[in-house]
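Chains as they are written, first to last, in the numbering used here: chain F, -11 to 119; chain W, 1420 to 1768. Report on one structure; see the data block that follows.
The structure is reproduced here in structure tokens:
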């Protein structure tokens, strides 16, 4: 169940990227290379008139990415001790949170966004509570 | 802390690797544009109008907001820069277009030498009153882009709000998409684009803008968009949306024509159709065009005004000549002071 939810979460985030984010990203260049760009364009054209809030387009995929990792990794090591599960499940969310904080302090290039931080942190905090 | 089995460690590590990889491809932007622009194809040969004609006949209507259907003008053969230079007035506009063309040319030369280029935007905002030559210059710019290899065909698809907005929910995005599809490889010219952000009882304008912005991103290698309209309205239009603001950074202002420039446009038109002005008519025309410019309001039609004035002159000449049983060739060509006077009154009405 955790695995299915994790994959669904990952696919949702990927769909948002695919349909609503800038095509200048590296991922699109890769899709272009493998020749699926026409299909992607067709999908993007279908949703071209959809106006989603910026937080959904820019911050939510990061949160779904962290949530997805937590769920998938926990589906594999869920039977281990709390500390082991916590250690492994922390890797990706802490990477997201860390990169966001480093951006805030100007150490990493990019724009700090509070919503990004919230989206990375929220699934991690929920996991800490429920584990 | 319990230890993972080797299998679990490998799978967990692969998962971490996958997630890091997915982060990289969704954050980073490739530094080199690996897409090779399409080779320009030979120009389409459908000749619609030449530049001077275009300048003389910028619209069928004067001082009226036209319900513009979608007009597609194919690229014509010939040197667009020469045509640009042949336009009457618009000196600042010509300088802007030449400078833009120079930037593109140098970028292409740098590209050929394997040097990196700073990204430049080809999209433009043409601001100015009606009849100041915005559409004409857009047609020329489309051809310049084609000649420089920026666009494949260099045609111009001209529309306004009505060409983008659907009547019912769900119609706007497909309609806008279809129009953009027809403009690929050329220039999409949206006249009075500010009307898209005016609230007219629905949000279809925003839907059209969202669609347009996304397609500008998706088709950045083969679509140039030019939005046009009054200066203040266009400024507000671009400022109304961060997506528009970031994409439309090049403003070209089209000033109103002076009385002398309007006079030259009139003469060009008269000459083209084989009409002549006598000395009195010529003096009166100059005086009245100067007066029209002095007393103009923001809806003054500029080039369109001249066109209407000329057409009205022709009508009044015909009325005058109808009283003569067999007019001479000279009479058929001559426009008199009386024709100009009557035409001016008609246009004022």
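Ideal placement from N, C-alpha and C gives every residue a C-beta, glycine not left out.
Please work out which residues of its chain come closer than 7 Å, Cβ to Cβ, to residue 50 of chain F, disregarding the five sequence neighbours upstream and downstream, and give them in chain order.
-> If you number the first chain from 1, residue 50 of chain F lands on position 62. Setting aside the 5 residues that flank it on each side, residue 50 of chain F is surrounded in the same chain by 84, 104, 107 and 108, each with a C-beta closer than 7 Å to its C-beta; the list follows chain order.
C-beta neighbour in chain W for residue 106 of chain F, strict 8 Å | Residue mapping note: residue 106 of chain F aligns to position 118 of the first chain, counting from 1. Chain W, which has no Cβ nearer than 8 Å to the Cβ of residue 106 of chain F, makes this no.
Inspect the CB distances between the region 1625 to 1632 of chain W and the region 1523 to 1531 of chain W and report whether three or more fall short of 8 Å.
-> At 8 Å Cβ cutoff, the stretches do not touch.
Closest by C-alpha distance to residue 119 of chain F, when choosing among F:95, F:4, F:53 and F:78 = The count along the first chain starts at 1 and reaches residue 119 of chain F at position 131. Measuring from the Cα of residue 119 of chain F, the nearest candidate turns out to be F:78.
Nearest CA to the CA of residue 1581 of chain W: which residue from W:1574, W:1573, W:1590 and W:1575?
-> Taking the second chain and counting its residues from 1, the one referred to as residue 1581 of chain W is at position 162. For the residues W:1574, W:1573, W:1590 and W:1575, the minimum Cα distance to residue 1581 of chain W belongs to W:1590.
Minimum Cβ-Cβ distance from residue 1537 of chain W to chain F less than 8 Å | For this step, residue 1537 of chain W is matched to residue 118 along the second chain. Taking Cβ atoms only, chain F never reaches closer than 8 Å to residue 1537 of chain W, which makes this a no.
CB contact check: residue 27 of chain F to chain W, cutoff 8 Å | Counting from 1 along the first chain, the entry for residue 27 of chain F is found at position 39. Judged by the 8 Å Cβ criterion, residue 27 of chain F is not in contact with chain W.
Whose C-beta lies closer than 6 Å to the C-beta of residue 1508 of chain W among residues of the same chain, with five residues either side of it excluded?
-> In the second chain, the residue the question calls residue 1508 of chain W occupies position 89. Cβ neighbours of residue 1508 of chain W beyond the five flanking positions: 1676 and 1680.
Under the rule that 16 or more other beta-carbon atoms within 10 Å means buried, what is residue 1759 of chain W, buried or exposed?
-> One-based indexing of the second chain puts residue 1759 of chain W at position 340. By the 10 Å Cβ count, residue 1759 of chain W comes out buried.
Out of curiosity, what's the CA-to-CA distance linking residue 1696 of chain W and residue 1647 of chain W?
-> For this step, residue 1696 of chain W is matched to residue 277 along the second chain. For this step, residue 1647 of chain W is matched to residue 228 along the second chain. C-alpha separation (whole angstroms): 35 Å.
Using three-state DSSP, classify residue 1645 of chain W as helix, strand or coil.
-> Taking the first residue of the second chain as 1, we reach residue 1645 of chain W at position 226. Note: residue 1645 of chain W maps to strand in three-state DSSP.
Look at residue -6 of chain F and residue 75 of chain F and say whether their C-beta atoms are less than 8 Å apart.
-> In the first chain, residue -6 of chain F corresponds to position 6, counting from 1. In the first chain, residue 75 of chain F corresponds to position 87, counting from 1. No, these two residues do not count as a Cβ contact at 8 Å.
Quick one: complete alpha helix (DSSP H) runs, 4+ long, within the region 1514 to 1574 of chain W?
-> With a minimum length of 4 residues, the continuous alpha helix (DSSP H) runs that stay inside the region 1514 to 1574 of chain W are 1553 to 1566.
Below 8 Å between beta carbons: does that hold for residue 1557 of chain W and residue 1570 of chain W?
-> Walking along the second chain from the start, residue 1557 of chain W turns up at place 138. Walking along the second chain from the start, residue 1570 of chain W turns up at place 151. Not a contact, by the Cβ cut-off of 8 Å.
Residue 1666 of chain W versus residue 1595 of chain W: straight-line alpha-carbon distance, rounded = Residue mapping note: residue 1666 of chain W aligns to position 247 of the second chain, counting from 1. Residue mapping note: residue 1595 of chain W aligns to position 176 of the second chain, counting from 1. The straight-line gap from Cα to Cα measures roughly 18 Å.
In its own chain, which residues sit with a C-beta less than 8 Å from the C-beta of residue 70 of chain F, not counting the 5 before and 5 after it?
-> As a first step, residue 70 of chain F is located in the first chain; it is residue number 82 there, counting from the start. Non-local beta-carbon contacts of residue 70 of chain F in its own chain, meaning distances under 8 Å to residues more than five positions away in sequence, involve 119 in chain order.
Along chain F, which residues have their Cβ under 7 Å away from the Cβ of residue 1659 of chain W?
-> If you number the second chain from 1, residue 1659 of chain W lands on position 240. The CB of residue 1659 of chain W never comes closer than 7 Å to any CB in chain F; the least such distance is about 14 Å.
Under 7 Å between beta-carbons, which chain F residues line up against residue 1559 of chain W? List them in chain order, please.
-> As a first step, residue 1559 of chain W must be located in the second chain, where it is residue number 140. In chain order: nothing, as chain F lies at least about 29 Å away.
In angstroms with no decimal places, state the Cα-to-Cα distance between residue 1659 of chain W and residue 1427 of chain W.
-> Taking the first residue of the second chain as position 1, residue 1659 of chain W is located at position 240. Taking the first residue of the second chain as position 1, residue 1427 of chain W is located at position 8. The alpha-carbon of residue 1659 of chain W is positioned some 53 Å away from that of residue 1427 of chain W.
The region 25 to 44 of chain F contacting the region 86 to 94 of chain F, beta-carbon criterion three pairs below 8 Å | Proximity of the region 25 to 44 of chain F to the region 86 to 94 of chain F falls short of the contact definition, fewer than three beta-carbon pairs being nearer than 8 Å.
Kindly indicate the opening and closing residues of the alpha helix (DSSP H) around residue 1422 of chain W.
-> For the purposes of this step, residue 1422 of chain W is taken as residue 3 along the second chain, with counting starting at 1. Counting along the chain, residue 1422 of chain W falls outside any alpha helix (DSSP H), and DSSP gives it neither H nor E.
From residue 1709 of chain W to residue 1577 of chain W, what distance separates their C-alpha atoms?
-> Residue 1709 of chain W sits at position 290 when you count from the first residue of the second chain. Residue 1577 of chain W sits at position 158 when you count from the first residue of the second chain. Going by the C-alpha atoms only, they are around 31 Å apart.
Alpha-carbon spacing of residue 204 of chain F relative to residue 47 of chain F, whole angstroms | Residue 204 of chain F cannot be examined here, being either before or after the span of chain F that is shown, -11 to 119.
Taking only beta-carbon atoms, is residue 117 of chain F less than 8 Å away from chain W?
-> Here residue 117 of chain F is taken as the residue at index 129 of the first chain, counted from 1. No, because no Cβ of chain W sits closer than 8 Å to the Cβ of residue 117 of chain F.
When the cut-off is 8 Å and only beta carbons count, does residue 1440 of chain W lie next to chain F?
-> The residue labelled residue 1440 of chain W in the question sits at position 21 within the second chain. Taking Cβ atoms only, chain F never reaches closer than 8 Å to residue 1440 of chain W, which makes this a no.
Contact check, residue 1564 of chain W vs residue 1644 of chain W under 8 Å by CB: the rounded distance?
-> Here residue 1564 of chain W refers to the residue found at position 145 of the second chain. Here residue 1644 of chain W refers to the residue found at position 225 of the second chain. Wrong, their Cβ atoms sit about 12 Å apart, outside the cutoff.
is_contact[residue 1641 of chain W, chain F] using C-beta, thresh 8 Å | Locating residue 1641 of chain W in the second chain gives position 222, counting from the first residue. So no, residue 1641 of chain W is outside the interface.
May I ask which residues mark the beginning and end of the alpha helix (DSSP H) holding residue 1683 of chain W?
-> Counted from its first residue, the second chain places residue 1683 of chain W at position 264. Judged by DSSP secondary structure, residue 1683 of chain W falls within the alpha helix (DSSP H) whose first and last residues are 1678 to 1691.
Apart from the five residues just before and just after residue 54 of chain F, which ones in its own chain have a Cβ nearer than 7 Å to its Cβ?
-> As a working mapping, residue 54 of chain F is identified with position 66 in the first chain. Answer for residue 54 of chain F: 80, 81, 84, 108, 111 and 112, listed in chain order.
Kindly indicate if chain W contains any beta-carbon less than 8 Å away from that of residue 44 of chain F.
-> Taking the first chain and counting its residues from 1, the one referred to as residue 44 of chain F is at position 56. Closer than 8 Å to the CB of residue 44 of chain F there is not a single CB belonging to chain W.
Can you name the start and end residues of the beta strand (DSSP E) that residue 1492 of chain W belongs to?
-> Position 73 of the second chain, counted from the first residue, corresponds to residue 1492 of chain W. From DSSP, the beta strand (DSSP E) with residue 1492 of chain W extends over 1490 to 1492.
Helix, strand or coil for residue 1496 of chain W per DSSP?
-> For the purposes of this step, residue 1496 of chain W is taken as the residue at position 77 of the second chain. Reduced to three states, the DSSP call for residue 1496 of chain W is coil.
Among the residues of its own chain, which have a CB less than 8 Å from the CB of residue 28 of chain F, if the five just before and after it don't count?
-> Counting from 1 along the first chain, the entry for residue 28 of chain F is found at position 40. Closer than 8 Å at the Cβ level, and outside the excluded window around residue 28 of chain F, lie 6, 16 and 19.
Residue 1606 of chain W and residue 1575 of chain W closer than 8 Å at C-beta = Position 187 of the second chain, counting from 1, holds the residue named residue 1606 of chain W. Position 156 of the second chain, counting from 1, holds the residue named residue 1575 of chain W. Going by beta carbons, residue 1606 of chain W and residue 1575 of chain W fall inside the 8 Å limit.
Using a Cβ-Cβ cut-off of 8 Å (strictly less than) and excluding sequence neighbours within five positions of residue 96 of chain F, which residues of its own chain qualify?
-> Within the first chain, the letter at position 108 stands for residue 96 of chain F. Contacts found: 87 and 90.
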